[in-house]
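First to last, the protein sequences are chains B and C. 30 is the number of the first residue of the first sequence in our numbering; add one for each residue after it. -16 is the number of the first residue of the second sequence in our numbering; add one for each residue after it. All residues carry an ideal CB built from backbone N, CA and C; glycine is no exception.
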Amino acid sequence: MRVKYFAWVRERVGVAEETVEPPADVRTVSDLIGWLSSRGETYAHAFEKPKVIRAAIDQAHVKPDAVISGAREIAFFPPMTGG
Amino acid sequence: MSVTATIRIQEANFDAAQEIAALTRGRTDIGAVVTFSGICRGSENGEPIAALTLEHYPGMAEAEIGRHADEALSRWPLQGLTIIHRFGRIAPGENIVLVVTASPHRQAAFEAVEFLMDYLKTNAPFWKREESEKGTSWIEARDHDDAAAARWTKS
């Protein structure tokens, strides 16, 4: 699946998007944050406060307990500040 | 008559007066137009800023604003709706966002603009970064914006 990062999450991770293949036991958005955090210091820094991070699956907002199976695109970003 | 919202996510500046004229041209059924323009301030928390840079999530920005436009059209008797949100570098004094609603009477037009702005602030995937003499920093979300959006879901 494709993972996208925005704003300071993108800056901390160091890439805007990438393709990842998480293991089968990574079922939810929250699991994916945990798995990504274990991939290195940049990820651990980006996701150090998981409660702050917002997520979208296929361009719609989701909660941390959302199931990721079948998702084409998952995005992680800080609270929005548009308008 | 079904109303289709005009939604644009663009880097270029826009002219609010032109957008209002486009919405009302040739119409005699519209009784009220309410416009909200969000403009880049030249200071943030008392400190001067050089510019804002807005990052957005292409695709989702259009989808999310479209969902809220559809909700506004179903909740209020609107005759026209235009939403424009810019991205990229925006200098103080320039437009950031525009919401224009048209309806037979003012109440629907006022309420729909407030509803849309409250949701744009908290749910549209845009992030502001400010540039100042001290460097650049991401603007933090405000709790009172979340509270403003939540009041529209109270029963």
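Asked                                                                                              : Found
Exposure of residue 11(C), with buried meaning 16 or more beta-carbon neighbours within 10 Å       : exposed
The segment 100 to 111 of chain B: positions lying closer than 7 Å to chain C by Cβ                : 104, 106, 107, 108, 109, 110, 111
Assigned secondary structure, residue 49(C) (DSSP; H/G/I helix, E/B strand, else coil)             : helix
Residue-chain proximity (residue 17(C), chain B), Cβ-Cβ < 8 Å                                      : no
Host beta strand (DSSP E) of residue -15(C) (start-end)                                            : Looking at the DSSP string, residue -15(C) is not in any beta strand (DSSP E), and its letter there is neither H nor E.
Bridge-paired residues (DSSP) for residue 61(B)                                                    : Per DSSP, none; premise fails for residue 61(B).
8 Å Cβ cutoff, residue 110(C) in contact with chain B                                              : yes
Whole-angstrom C-beta distance between residue 36(B) and residue 38(C), which should lie under 8 Å : 6 Å
Contact set between residue 104(C) and chain B, taken where Cβ atoms lie within less than 7 Å      : 111, 112
For residue -7(C), the residue or residues it bridges with in DSSP                                 : 69(C)
Alpha-carbon to alpha-carbon, residue 94(B) and residue 38(B)                                      : 20 Å
Extent of the continuous beta strand (DSSP E) run through residue 34(B)                            : 31 to 34
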